[in-house]
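Q: Quick note, the sequences are listed as chains A, B, C and D, same order. Heads up: take any position in the first sequence, counting from 1, add 1, and you land on our numbering. Heads up: take any position in the second sequence, counting from 1, add 1, and you land on our numbering. Heads up: take any position in the third sequence, counting from 1, add 1, and you land on our numbering. Heads up: take any position in the fourth sequence, counting from 1, add 1, and you land on our numbering. For every residue, glycine included, the Cβ atom is placed at its ideal position computed from N, Cα and C. Keep in mind it's a predicted model, so treat the numbers as computed, not measured. A single structure is presented below for examination.
There are 4 protein chains.
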Amino acid sequence: YGKNTIKFLRLHKEGKKHCVKEVEVCAHLRLTSPQEYLEGNNSLVIPTDTIKNIVLVLAKKNGIPSLEQFAIDICNHFMTTFCQVAYVKTYIQEVPWQRLHEDGVPHVHSFICVPDGIRFCEAEQCRNGPLIVFAGIKDLKLMKTTQSGFEGFYKNEHTTLPERHDRILCGELFCKWSYGECKDFDFDCIWKKIRECILEAFAGPPDCGEYSPSYQKTVNSIQMLVLSRVSQVQVIEVVLNNNFYNVVDMKNLGVTNDKEVLVPVEAPYGSCACTLGRKKFFEA
Amino acid sequence: YGKNTIKFLRLHKEGKKHCVKEVEVCAHLRLTSPQEYLEGNNSLVIPTDTIKNIVLVLAKKNGIPSLEQFAIDICNHFMTTFCQVAYVKTYIQEVPWQRLHEDGVPHVHSFICVPDGIRFCEAEQCRNGPLIVFAGIKDLKLMKTTQSGFEGFYKNEHTTLPERHDRILCGELFCKWSYGECKDFDFDCIWKKIRECILEAFAGPPDCGEYSPSYQKTVNSIQMLVLSRVSQVQVIEVVLNNNFYNVVDMKNLGVTNDKEVLVPVEAPYGSCACTLGRKKFFEA
Amino acid sequence: YGKNTIKFLRLHKEGKKHCVKEVEVCAHLRLTSPQEYLEGNNSLVIPTDTIKNIVLVLAKKNGIPSLEQFAIDICNHFMTTFCQVAYVKTYIQEVPWQRLHEDGVPHVHSFICVPDGIRFCEAEQCRNGPLIVFAGIKDLKLMKTTQSGFEGFYKNEHTTLPERHDRILCGELFCKWSYGECKDFDFDCIWKKIRECILEAFAGPPDCGEYSPSYQKTVNSIQMLVLSRVSQVQVIEVVLNNNFYNVVDMKNLGVTNDKEVLVPVEAPYGSCACTLGRKKFFEA
Amino acid sequence: YGKNTIKFLRLHKEGKKHCVKEVEVCAHLRLTSPQEYLEGNNSLVIPTDTIKNIVLVLAKKNGIPSLEQFAIDICNHFMTTFCQVAYVKTYIQEVPWQRLHEDGVPHVHSFICVPDGIRFCEAEQCRNGPLIVFAGIKDLKLMKTTQSGFEGFYKNEHTTLPERHDRILCGELFCKWSYGECKDFDFDCIWKKIRECILEAFAGPPDCGEYSPSYQKTVNSIQMLVLSRVSQVQVIEVVLNNNFYNVVDMKNLGVTNDKEVLVPVEAPYGSCACTLGRKKFFEA
């Protein structure tokens, strides 16, 4: 297969207001015949340069109504235009430009980059198969300074980790979900709702939080809340990269450190992941 | 000289609310004698490990009231404790953790990382010299989709750039300023005010913006506004890394692209910088 | 599942000579029950910290005879020690330290890091399934300044790429292969042989090279040569990230540029990949 | 001032052999008047795009006989062509392409990237001032597995580091030197000689090495050897980023670890630097 990445900016106006989307589009194609690999026959090969042109022309003509709709448009274009394409996958991620505000007033044409979680989506299709749409968020860094522990784990002669009931829970979250048969979803609205679910399930109620007995359970809580609140989601995968922190032992320095100063533990570095669907299906 | 970097988390409580600061501290020391270099005599050398311990103990004892105050505390400690230290510089940057909010309610112990500009500071002192404090912001990515041009520049036989009066202005901003004699400044408040000045000078009025004839002039506008509004700033340096975008020529593709689709220009990649002080002093 | 990364150095002596291996080990585990996700029951969970201890103790006891053997040792340990482990995968990559030489004389204990392709391997096992071993090389950057073209490709109204018969072929190669039933292979020797095959197939004969009609065909040539020369390889996957270069048009500058000055094309950025096995099996 | 970065490839032939240089050129300019900053008057500004064109045309016309000569050519061009330029600095670094060899036979047109230390240079000139040339190497990673210690350092109540006489010495080296009045130096030859000096001073004799009492002393040994062997070097700066490793304590795991397994210490992370000249001048 071949894979191609294109970055560009799409501008449009809504009244006087300027709007901007900066995206990185990655298109994977697999052809019906591998003759270019085996025989060096390029007659079916769609050059990277042509793929770039197609993506840019589609962006010009259709705009980017939502990331997901643009990914669907690209898949449809390749499937309907090129009979030698057996499979197409489009991945799109967005540069998180946000409109600037001055004293609460939105600026007509100025933007600031706020990377607190990157939005992405995928659309994927085999010839004669259904078009499947995924969406997700990545690089979302979250921390709970309390209400997290890790106890009752398996122990043997290689265990040195103490049990802890008040540690830091900190990590980088990746979350990707699939939609069922895509009708006329409001992808932007659903995405925002899911982001809120993730934050709520991670943090718990604002006045007291909710105790997390492990990174794994927090992963599951996020999945359960999204599945219960957002009916359009069929399957949801969550990966949480764990950033551990240790309380610095200052006894030798004549100081008592009561979980006030902690240092990040670079290694071991862990992550836990789970994919959860609707019908008792899971692969943990 | 020697330089050392330490990362850590400082937690404290304000009533029921948990507060967190994650910082990276870099301490540079120069000793009165270079005998460890020339003779391999280590008797005056303060090991990296000891420097780390000192920074962590200071954080435990004093907390981090502000980045700047913590940098001052570290400088003072080294100058008063070690007579072999001829010069000390402390650089601190902060991981941009922000309190999570659910429906506008602040969460008691959960945070999200929002890197829309990184806050840093420096404190620097030679033995018998004054303590100088700098503060700044870096990695602040901004864009204006209109009200920017570049015309009337110098031309010769190597010029191929066309004049433009409606281009994209996009860049990554670095801004660093020095305070005069530091009395009891509210460093947090001043920093926020300067950040607002930067955004205002970059963007112009929210309803119409302000025309920028060059990256250089925008750099200067930022400096002028900060100096006029914030009396504590003595000298201000601004560096703007320019990310250029070109309107894609789609004529060969049978499409008219009226500044709707643009691609980033990776190279040439430019930046412009200027340092501006209060008394007609400048080095452009 | 859970994933954990550990970095460490393993030293040993051969006579007076010091030997060093610095590796990054990543262990993935999947347990028979997902109860830690669903119920917050940690009783079967093997903490990241324990996994780190196991890897370090195995390295101490067994050494790292080869990357592949060490990966096998780790898999075996987890499968035989923990009945709750349903699946284990171990990924190892090596920091490319090479012994220093002075005037051709090898140094007894000094090393230099030479990252001209990173060696890695994987061992993977499901309970009651076979242990499968993969090995590979990544981040191998290669260039041919001639004997490469791209012609006869598919054309339509979105095609703007000209045909070229003397372009630059430059890319970053990823190559991963699986061994069949692992007996007593000399993994180090095979790995070196495969690296040589890759370079030979990429470059062609030293006096004249060999014409490449596309990145895809070069990928295939590498696979065919490895499969024909190295009988232990069962399946081989090659991914080539393409770094395109364009000849700079200097006509407007009054200069004729005869493929002497070229600039890299950052986007579109492409890659092509192919997996090839022994028995007419392929997925292109 | 303004700064611009351009990347490109320069090809030429020597007989049948193809030769390649890929470089990144960064040009800093300061103009005699800052009017573009203060007044938005662009009439003296040399656009980034023009600078790019000039560098590419010079590369086409002159080739890149050596990095240093090319940097000198660029400085000269700007100083003689533009009377509004008050200061110019050119920084060039090279992508480390090396010719491929098959069984010892050099390949006519194929190359591999071998980043074991990156070569760079700088040329700098103020109007009416001398042209100063610097050269250097960076990102050179070296390790000694023995013959290194750190003892007799300053101790107080914050000291927890034990004395060690057999630790790992590992680091990333940056080295930059200035030439005096540049006549017709063979820059390539001198650079190679200095690289050899660095390796020799770092490692000591191949059969036994040489004991290093500190990173600082190793820095100084490198400087002394270069100054004694290479008469063209006037001043030499060395920065060594220290990568510390700790022997893993395995007592709790029932194993004795005799400096066989070590883990990298990510923080504190240190570096030491020294600049040394010929006439008793130094700034440590």
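When the Cα atoms are used, what is the spatial distance from V1(C) to V115(A)?
A: Past the edges of chain C, shown from 2 to 285, lies residue 1(C), and the structure says nothing about it.
Q: Can you pull the DSSP bridge partners for F9(A)?
A: Residue 9(A) sits at position 8 when you count from the first residue of the first sequence. F9(A) is bridged to V24(A).
Q: Measure the beta-carbon distance from Y246(B) to I133(B) and round it to whole angstroms, keeping in mind my assumption that it falls under 8 Å.
A: Residue 246(B) sits at position 245 when you count from the first residue of the second sequence. Residue 133(B) sits at position 132 when you count from the first residue of the second sequence. About 39 Å; that fails the 8 Å criterion.
Q: Measuring alpha carbon to alpha carbon, tell me which residue in A28(C), E15(C), E69(C) and H13(C) is nearest D185(C).
A: Taking the first residue of the third sequence as position 1, residue 185(C) is located at position 184. Among A28(C), E15(C), E69(C) and H13(C), the Cα nearest to that of D185(C) belongs to E69(C).
Q: Under 8 Å, CB to CB, which of the residues in the stretch 154-167 of chain B have a partner in chain C?
A: E158, H159 and T161
Q: Measuring only the C-alpha atoms, how far is N157(D) from V46(B)?
A: Your numbering for residue 157(D) matches position 156 in the fourth sequence. Your numbering for residue 46(B) matches position 45 in the second sequence. Distance between the alpha carbons of N157(D) and V46(B) is about 11 Å.
Q: Taking only three categories from DSSP, how would you classify V262(C)?
A: By 1-based counting over the third sequence, the position of residue 262(C) is 261. Annotated three-state conformation of V262(C) is strand, per DSSP.
Q: Between which two residues does the alpha helix (DSSP H) holding I195(B) run?
A: Counted from its first residue, the second sequence places residue 195(B) at position 194. Element bounds for I195(B): F188 to A204.
Q: Can you pull the chain D residues whose beta carbon is under 9 Å from the beta carbon of T51(C), in chain order?
A: Locating residue 51(C) in the third sequence gives position 50, counting from the first residue. Correct list: empty, because the minimum Cβ distance to chain D is about 10 Å.
Q: Within the 7 Å Cβ cut-off, does E211(C) reach chain B?
A: Start at 1 with the first residue of the third sequence, and residue 211(C) comes out as number 210. Not one chain B Cβ lies under 7 Å of E211(C).
Q: For F135(D), name the three-state secondary structure that DSSP assigns.
A: Against the fourth sequence, residue 135(D) aligns to sequence position 134. F135(D): strand per DSSP, three-state reduction.
Q: Contact check, N243(C) vs G172(C) under 8 Å by CB: the rounded distance?
A: Here residue 243(C) corresponds to residue number 242 of the third sequence, with the count starting at 1. Here residue 172(C) corresponds to residue number 171 of the third sequence, with the count starting at 1. Sure, about 5 Å apart at Cβ, within 8 Å.
Q: Assuming G271(C) contacts K4(A) under a Cβ cut-off of 8 Å, what Cβ separation, rounded to an integer in Å, is found between them?
A: Residue mapping note: residue 271(C) aligns to position 270 of the third sequence, counting from 1. Residue mapping note: residue 4(A) aligns to position 3 of the first sequence, counting from 1. Contact flag correct, Cβ pair sits at about 6 Å.
Q: For E284(C), I'd like the list of residues in its chain whose CB is within less than 6 Å of its CB, leaving aside the five on either flank, ordered along the chain.
A: Within the third sequence, numbered from 1, the residue matching residue 284(C) stands at position 283. With a pLDDT of 42 at E284(C), under the threshold of 50, the modelled position of that residue is not reliable, and the figure given next carries that caveat. T276, listed in sequence order.
Q: So the alpha helix (DSSP H) R230(A) belongs to, where does it begin and stop?
A: Against the first sequence, residue 230(A) aligns to sequence position 229. Note, R230(A): alpha helix (DSSP H), Y216 to R230.
Q: Roughly how many angstroms lie between the CA atoms of Y212(A) and E164(A), to the nearest whole one?
A: Counting from one through the first sequence, the residue named residue 212(A) turns up at place 211. Counting from one through the first sequence, the residue named residue 164(A) turns up at place 163. Whole-angstrom Cα-Cα distance: 15 Å.
Q: For C76(B), name the three-state secondary structure that DSSP assigns.
A: The residue labelled residue 76(B) in the question sits at position 75 within the second sequence. Note: C76(B) maps to helix in three-state DSSP.
Q: Quick one: using the 10 Å Cβ neighbour count with 16 as the cut-off for buried, is S149(D) buried or exposed?
A: Working through the fourth sequence from its first residue, we reach residue 149(D) at position 148. S149(D) should be labelled buried.
Q: Taking the C-alpha atoms as reference points, what is the distance between F282(D) and Y2(B)?
A: Position 281 of the fourth sequence holds residue 282(D). Position 1 of the second sequence holds residue 2(B). Below a pLDDT of 50, predicted positions are generally treated as unreliable, and F282(D), at 43, falls in that range; the measurement from the model is reported next regardless. Their backbone Cα atoms lie some 15 Å apart in a straight line.
Q: What in chain A is Cβ-close to E238(C), meaning under 9 Å?
A: Taking the first residue of the third sequence as 1, we reach residue 238(C) at position 237. Simply none; closest approach about 11 Å.
Q: What is the DSSP secondary structure of T33(A), reduced to helix, strand or coil?
A: The residue given as residue 33(A) occupies position 32 in the first sequence. Of the three classes helix, strand and coil, the one that applies to T33(A) here is coil, per DSSP.
Q: Determine, using beta-carbon pairs with one atom in the stretch 254-262 of chain C and one in the stretch 56-71 of chain D, whether at least three such pairs fall under 8 Å.
A: yes
Q: What does L45(B) reach in chain D if we use C-beta pairs closer than 7 Å?
A: Stepping through the second sequence from its first residue, residue 45(B) is reached at position 44. What L45(B) touches in chain D: Y155.
Q: Measuring only the C-alpha atoms, how far is V24(C) from V96(C)?
A: Numbered from 1 along the third sequence, position 23 holds the residue referred to as residue 24(C). Numbered from 1 along the third sequence, position 95 holds the residue referred to as residue 96(C). The alpha-carbon atoms of V24(C) and V96(C) are separated by roughly 6 Å.
Q: Counting only C-beta atoms, is V266(C) closer than 7 Å to chain D at any point?
A: Sequence index remark: in the third sequence, residue 266(C) carries index 265 (1-based). With 7 Å as the cut-off, V266(C) does not count as an interface residue toward chain D.
Q: Run down chain A in chain order and give the residues with a C-beta less than 7 Å from the C-beta of N253(D).
A: Counting from 1 along the fourth sequence, the entry for residue 253(D) is found at position 252. Here the neighbours are T161.
Q: Can you tell me whether V58(C) is helix, strand or coil according to DSSP?
A: Counting from one through the third sequence, the residue named residue 58(C) turns up at place 57. Here V58(C) sits in helix by DSSP.
Q: Residue range of the beta strand (DSSP E) that R120(B) falls in?
A: For the purposes of this step, residue 120(B) is identified with residue 119 of the second sequence, where counting begins at 1. I119 to C127 is the span of the beta strand (DSSP E), which, as asked, contains R120(B).
Q: I'd like to know whether the C-beta of I113(A) is nearer than 7 Å to at least one C-beta of chain B.
A: Indexing the first sequence from 1 puts residue 113(A) at position 112. Chain B contact via Cβ: present.
Q: For V106(C), count neighbouring C-beta atoms within 10 Å of its own C-beta (all shown protein chains included) and say buried if the count is 16 or more, exposed if not.
A: In the third sequence, counting from the first residue as 1, residue 106(C) sits at position 105. Counting Cβ neighbours within 10 Å, V106(C) comes out exposed, since fewer than 16 surround it.
Q: What does F245(B) pair with, by DSSP beta-bridge criteria?
A: Counted from its first residue, the second sequence places residue 245(B) at position 244. BP columns for F245(B) point to V266(B).
Q: Please list the partners that E201(C) has in chain D, where partner means a Cβ-to-Cβ separation under 7 Å.
A: Walking along the third sequence from the start, residue 201(C) turns up at place 200. By Cβ distance, chain D contributes E103.
Q: Does the beta-carbon distance from H110(B) to T146(A) come in below 7 Å?
A: Within the second sequence, numbered from 1, the residue matching residue 110(B) stands at position 109. Within the first sequence, numbered from 1, the residue matching residue 146(A) stands at position 145. Yes, they are a contact pair.
Q: At a CB distance below 7 Å, what residues from the stretch 5-22 of chain C approach chain D? Give them in sequence order.
A: Taken in chain order, the members of the stretch 5-22 of chain C whose beta-carbon sits within less than 7 Å of a beta-carbon on chain D are K8, F9, L10, R11, L12, H13, H19 and V21.
Q: Name the two residues that bound the continuous beta strand (DSSP E) containing K252(D).
A: Within the fourth sequence, residue 252(D) is the residue found at index 251, counting from 1. No beta strand (DSSP E) holds K252(D); DSSP gives it neither H nor E.
Q: Please report how far the alpha carbon of H19(D) lies from the alpha carbon of L143(C), in whole angstroms.
A: Mapped onto the fourth sequence, residue 19(D) falls at position 18. Mapped onto the third sequence, residue 143(C) falls at position 142. Those two C-alpha atoms are separated by around 15 Å.
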